[in-house]
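Visitor: All residue numbers for the sequence shown refer to this note's numbering, where the first residue is 166 and numbers rise by one.
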Amino acid sequence: MNLLPPADIVKSDIELACKHIELLTGDPNSPCHWRLLHDSRKNDPEYPARNRFGTVTDLWPEFEQAQSDGYGVFVVVNAGGHSDTEIESIRAVFIDGDDKPMPSTWHCMPSFFVQRSATRWHVYWVMHGMRVDDFKPAQLRLAAHYGTDTAVCNPSRVMRLAGTLHLKVSSNPQLMQLEIGGGWDLMGPYETREVLTDLATVAVKLAEPRGAAPGVTVDHPDNVRRYAVYLQGLVAQGKVAIEGQKGDNHTLQVGMKGMDLGCSTEKVHALMLTHFNTHCVPPWDADELAVKVINAANSRKNAFGSDAVNPSAEEFGNIVKNANTQPAATGEDLPLLEFESGDRLLDEEPEPIEWLIDGLVEKGEAVMLSGPGGVHKSRTAMHWGLAISEGEPIYGRKTERAAFVYLSYEDVRKKVKNRMHLMTKRLGGTWGSNMRYRDMTDRSQEFLLGVTSAADLSPQPLYFQLRKYLQGIAGHKFVVLDSTYNVVKFSGNAKIDDGAVNEAVKFLRRLGRETNSTVMFLWHPSYSGQSRGDNSGWSTAWNDAPRAKLSLSRPPKGKDGKHAHNGFDLTVEKASDGPTGSVHTLYWADGVLLPVSGSKITNLMEACVKVATLAADKGVPIVRRRAVAGWVIDAIEAECGDRPVERQILEMLEDANQWKRLCYIKAKSKTKAGFYPFGAKELPSGEIMNAPETEFDPERNYRISEPE
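Put into structure tokens, the structure is as follows:
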């Protein structure tokens, strides 16, 4: 190669710059488009980018001044303008080698080189007649072949001008040198076919994975299926690559995930083309995507197969694959079955049922908590978890202390935090130290299991991470998964297939057995399930599959269209061991659902009537749909010992009005609207005449509900 200029004459900068343009365009005085970018403060508004057009000679004084201000000088390599849409003709194809030695051999001799060191270089092949549409595929093929920067592929790409200074380290300016390659001497400008004929289309080759985790089988069918489900999940959630929204980085991360799951670069490329790429905006062409996958392989930090299942048949047995892969045996080959005598079972002492919540939640089971929206499933599960974490009783029932692990896809961190504060204030105590919480609201693409059919279950990376985490916590755990559809993703009709649903529930039960945990999964029933009264799903599969099932629901409505009471019925729908049937009617009580005894209702009613009468006597009666004065709430608390919320007071007063303990008088003349003792009448003077009270029936169900 011929060096221009000799190494000891580095001051003739404009000569290098003109030679660069001459090699690129055929004339050192060709006008070009230029971009001045500050080398160390690119995004600083005080140093904006500057676009210019002209010859090197005409613009050189400005270039020198810009260099003294810290700017780098870049040329738009191709002709036409500063944007991709303005490029009209291709002058050259080129690659950018950063922090790597220059190759010793070339598939086609370059036309010239621009470099500042042995590991920082640009290589050009000057072209003749290349179509603009062929430029990007050619750039990607060159970058893939030589392992250089694949981002250098758009038609309006700028490259640093020879003869100017690289100023990213201002204390160490480096001159951009120029070398003429043998391709220029021998060939002049290249035709497209001459550069690309011996350059294969971008291919991702199956190679020995770098830094593989121990025992990983590349492209194991189960891991391939898991990656396909992962890609389908991204598409379903709209999490595809979108131009202008960090689509390049997102594609890189998606490719890395496939390698974490033990898929080869070849398989990752194929699966992304099939399941992911067509939904991107715009889709990558095959070569572009191949380069992204290669970059993902070179950039990944995790060990290859770090999240792989290998092999699934040993790891999951029939949970993952129910098909019997053993050759069928003849009847003569089968061993005799062994049975135990019933006497032997009777000789052994019966084993007591272990309860996490006595008579309510069996220890070690996978328990469904079902209920429609608005019945406080999440709040109730959290209350139970916090109480269990400290071994505190629930509804007067004994609990066994266990760590509380809570994965919440439904409620953001702020809501969970506020609920904890309300609960600890209402119930007393300093709960939380034995709780583990993970906010999953922004991680909907992470789930435990993909289900296509009863014979096709795909455990996901989160399953292995959660299992490992739980196994690291000493003792028993109470794990709440909120909610089922977030942790188990069903494809097609699998969610209404008895076999698929049954296998999915077994999988959650298996998680409990493998980690010494009781797993509670929250479920929102379908309308048909609610109408059947079993709070199940679209089919009876969701009622049949769980061995333990609880439900929360509003009470049935009477002929008047009103609920029998304003609480919530907690019912044991199914129990692995133990009785079924209604357990508790729960009422809202300052952030938690609790049973309210008849005596408490009586005391609250009496206190409300007494204070309402006092307020009327003071000339400040309590008014419907108006804020209740603070002194009224304080007085009621002093009377009954419990501090009610505003809605409770108003509902108690309405009940007192219905049971003729109080009456409600509308505003008229000088009379103030509000609750008065029953029988009170307005006198001509505007005063109120009270009537004697009637007896109160404490057996009636009174409404205690959540405030809005």
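For every residue, glycine included, the Cβ atom is placed at its ideal position computed from N, Cα and C.
Assuming residue 235 and residue 263 form a contact by the criterion Cβ under 8 angstroms, report the distance between their Cβ atoms to the nearest whole angstrom.
Guide: The residue labelled residue 235 in the question sits at position 70 within the sequence shown. The residue labelled residue 263 in the question sits at position 98 within the sequence shown. No, residue 235 and residue 263 are not in contact; Cβ-Cβ is about 21 angstroms, not under 8 angstroms.
Visitor: Counting C-beta neighbours from all protein chains within 10 Å, is the total for residue 275 16 or more, i.e. buried, or is it exposed?
Guide: Here residue 275 refers to the residue found at position 110 of the sequence shown. So residue 275 ends up on the buried side.
Visitor: Look at the alpha carbon of residue 436 and the alpha carbon of residue 229, and state the distance between them as a whole number of angstroms.
Guide: Counting from 1 along the sequence shown, the entry for residue 436 is found at position 271. Counting from 1 along the sequence shown, the entry for residue 229 is found at position 64. So the two alpha carbons sit approximately 51 angstroms from each other.
Visitor: Quick one: Cα of residue 193 to Cα of residue 308, how far?
Guide: Translated into the one-based positions of the sequence shown, residue 193 becomes position 28. Translated into the one-based positions of the sequence shown, residue 308 becomes position 143. Residue 193 and residue 308: Cα-Cα distance of roughly 28 angstroms.
Visitor: Check for me: the alpha helix (DSSP H) holding residue 664 runs from which residue to which?
Guide: Position 499 of the sequence shown, counting from 1, holds the residue named residue 664. Looking at the DSSP string, the run of the alpha helix (DSSP H) that includes residue 664 is 663–680.
Visitor: Can you confirm whether the region 618–631 touches the region 576–588 when touching is taken to mean that 3 or more C-beta pairs between the two stretches lie within less than 8 angstroms?
Guide: Touching, no.
Visitor: What three-state label does DSSP hand residue 487 in the structure shown?
Guide: Residue mapping note: residue 487 aligns to position 322 of the sequence shown, counting from 1. With a pLDDT of 43 at residue 487, under the threshold of 50, the modelled position of this residue cannot be trusted; read the value that follows with caution. Coil.
Visitor: How many angstroms separate the CA atom of residue 812 from the CA atom of residue 822?
Guide: Residue 812 sits at position 647 when you count from the first residue of the sequence shown. Residue 822 sits at position 657 when you count from the first residue of the sequence shown. Cα to Cα, residue 812 sits roughly 15 angstroms from residue 822.
Visitor: So residue 735 and residue 759 are in contact, right, with Cβ under 8 angstroms, and what is the actual spacing, rounded?
Guide: Working through the sequence shown from its first residue, we reach residue 735 at position 570. Working through the sequence shown from its first residue, we reach residue 759 at position 594. Rounded, the Cβ-Cβ distance is 11 angstroms, inconsistent with contact.
Visitor: Taking just the CA atoms, how far does residue 549 sit from residue 558?
Guide: Start at 1 with the first residue of the sequence shown, and residue 558 comes out as number 393. Start at 1 with the first residue of the sequence shown, and residue 549 comes out as number 384. When rounded, the distance between both Cα atoms is 9 angstroms.
Visitor: Just verifying my parser: in three-state terms, what is the DSSP assignment at residue 554?
Guide: Position 389 of the sequence shown, counting from 1, holds the residue named residue 554. Of the three classes helix, strand and coil, the one that applies to residue 554 here is helix, per DSSP.
Visitor: Do you know how far the Cα of residue 668 is from the Cα of residue 317?
Guide: As a first step, residue 317 must be located in the sequence shown, where it is residue number 152. As a first step, residue 668 must be located in the sequence shown, where it is residue number 503. About 50 angstroms.
Visitor: For a quick check, are the C-beta atoms of residue 786 and residue 727 less than 8 angstroms apart?
Guide: Taking the sequence shown and counting its residues from 1, one reaches residue 786 at position 621. Taking the sequence shown and counting its residues from 1, one reaches residue 727 at position 562. Not in contact: residue 786 and residue 727 (Cβ atoms no closer than 8 angstroms).
Visitor: For the alpha helix (DSSP H) holding residue 718, just list the boundary residues, first then last.
Guide: Position 553 of the sequence shown, counted from the first residue, corresponds to residue 718. Residue 718 -> not in any alpha helix (DSSP H); beta strand (DSSP E) instead, spanning 713–718.
Visitor: Is the beta carbon of residue 247 closer than 8 angstroms to that of residue 198?
Guide: Within the sequence shown, the letter at position 33 stands for residue 198. Within the sequence shown, the letter at position 82 stands for residue 247. Result yes, Cβ atoms of residue 198 and residue 247 sit closer than 8 angstroms.
Visitor: Taking buried to mean at least 16 other C-beta atoms within 10 Å of its own C-beta, is residue 182 buried or exposed?
Guide: Position 17 of the sequence shown holds residue 182. With 16 or more Cβ atoms within 10 Å of its Cβ, residue 182 is classed as buried.
Visitor: How many angstroms separate the CA atom of residue 606 from the CA atom of residue 652?
Guide: Here residue 606 is taken as the residue at index 441 of the sequence shown, counted from 1. Here residue 652 is taken as the residue at index 487 of the sequence shown, counted from 1. Those two C-alpha atoms are separated by around 12 angstroms.
Visitor: Report the three-state DSSP secondary structure of residue 560 (helix, strand or coil).
Guide: Taking the sequence shown and counting its residues from 1, one reaches residue 560 at position 395. In the structure shown, residue 560 sits in coil (DSSP, three-state: anything other than H, G, I, E or B).
Visitor: State the Cα-Cα distance for the pair residue 255 and residue 358, rounded to the nearest angstrom.
Guide: The residue labelled residue 255 in the question sits at position 90 within the sequence shown. The residue labelled residue 358 in the question sits at position 193 within the sequence shown. For residue 255 and residue 358, the distance between alpha carbons rounds to 14 angstroms.
Visitor: May I have a chain-ordered list of the beta strand (DSSP E) segments no shorter than 3 residues that lie completely inside the region 497–584?
Guide: Within the region 497–584, the complete beta strand (DSSP E) runs of at least 3 residues are 520–522, 531–535, 568–573.
Visitor: So residue 839 is in the alpha helix (DSSP H); what residue range does that whole segment cover?
Guide: Position 674 of the sequence shown, counted from the start, is the residue given in the question as residue 839. Premise fails: residue 839 lies in the beta strand (DSSP E), 839–842, not in any alpha helix (DSSP H).
Visitor: So does the region 779–798 actually touch the region 571–585, counting three or more Cβ pairs closer than 8 angstroms?
Guide: Taking 8 angstroms as the limit for Cβ pairs, the verdict is that the region 571–585 does not touch the region 779–798.
Visitor: Starting from residue 325, trace the beta strand (DSSP E) both ways and give me its first and last residue.
Guide: Here the question's residue 325 lines up with position 160 in the sequence shown. Note, residue 325: beta strand (DSSP E), 323–325.
Visitor: Which stretch, first to last residue, makes up the beta strand (DSSP E) that contains residue 228?
Guide: Mapped onto the sequence shown, residue 228 falls at position 63. Here residue 228 belongs to no beta strand (DSSP E); instead the alpha helix (DSSP H) covers 221–233.
Visitor: Under 8 angstroms, do residue 427 and residue 388 count as touching if we go by C-beta distance?
Guide: The residue given as residue 427 occupies position 262 in the sequence shown. The residue given as residue 388 occupies position 223 in the sequence shown. Cβ distance < 8 angstroms, so residue 427 and residue 388 count as in contact.
Visitor: Can you tell me which of the three DSSP states residue 464 falls into?
Guide: Along the sequence shown, read from residue 1 onward, the residue named residue 464 stands at position 299. In the structure shown, residue 464 sits in a helix (DSSP, three-state: H, G or I).
Visitor: Kindly indicate which three-state DSSP category residue 432 falls into: helix, strand or coil?
Guide: Indexing the sequence shown from 1 puts residue 432 at position 267. Helix, per DSSP.
Visitor: According to the Cβ coordinates, are residue 331 and residue 393 closer than 8 angstroms?
Guide: Locating residue 331 in the sequence shown gives position 166, counting from the first residue. Locating residue 393 in the sequence shown gives position 228, counting from the first residue. No, the Cβ-Cβ distance between residue 331 and residue 393 is not below 8 angstroms.
Visitor: Let me check one thing: in DSSP terms, what residues is residue 758 bridge-paired to?
Guide: Taking the sequence shown and counting its residues from 1, the one referred to as residue 758 is at position 593. Bridge partners of residue 758: 753.
Visitor: Could you give the distance in angstroms between the alpha-carbon of residue 384 and the alpha-carbon of residue 390?
Guide: Residue numbering aside, residue 384 sits at position 219 when the sequence shown is read from its first letter. Residue numbering aside, residue 390 sits at position 225 when the sequence shown is read from its first letter. Cα-Cα distance, rounded: 9 angstroms.
Visitor: How would you write the range of the alpha helix (DSSP H) that residue 190 sits in, first residue to last?
Guide: Locating residue 190 in the sequence shown gives position 25, counting from the first residue. 178–190 is the span of the alpha helix (DSSP H), which, as asked, contains residue 190.
Visitor: Quick test of the definition: if touching needs 3 or more C-beta pairs under 8 angstroms, does the region 456–463 touch the region 498–517?
Guide: No contact exists between the region 456–463 and the region 498–517.
Visitor: Where does residue 218 land, buried or exposed, given buried means 16+ other C-beta within 10 angstroms?
Guide: Residue mapping note: residue 218 aligns to position 53 of the sequence shown, counting from 1. The residue is exposed, with fewer than 16 neighbouring Cβ atoms inside 10 Å.
Visitor: Residue 683 by DSSP, collapsed to three states: which one?
Guide: Locating residue 683 in the sequence shown gives position 518, where the first residue counts as 1. Reduced to three states, the DSSP call for residue 683 is strand.
Visitor: Over the uninterrupted alpha helix (DSSP H) stretch that includes residue 401, give me the two end residues.
Guide: Numbered from its first residue, the sequence shown carries residue 401 at position 236. It spans 386–401 - the alpha helix (DSSP H) in which residue 401 sits, taken as one unbroken run.
Visitor: When the distance is taken between beta carbons, is residue 562 closer than 8 angstroms to residue 555?
Guide: Sequence index remark: in the sequence shown, residue 555 carries index 390 (1-based). Sequence index remark: in the sequence shown, residue 562 carries index 397 (1-based). The answer is no: Cβ separation not under 8 angstroms.
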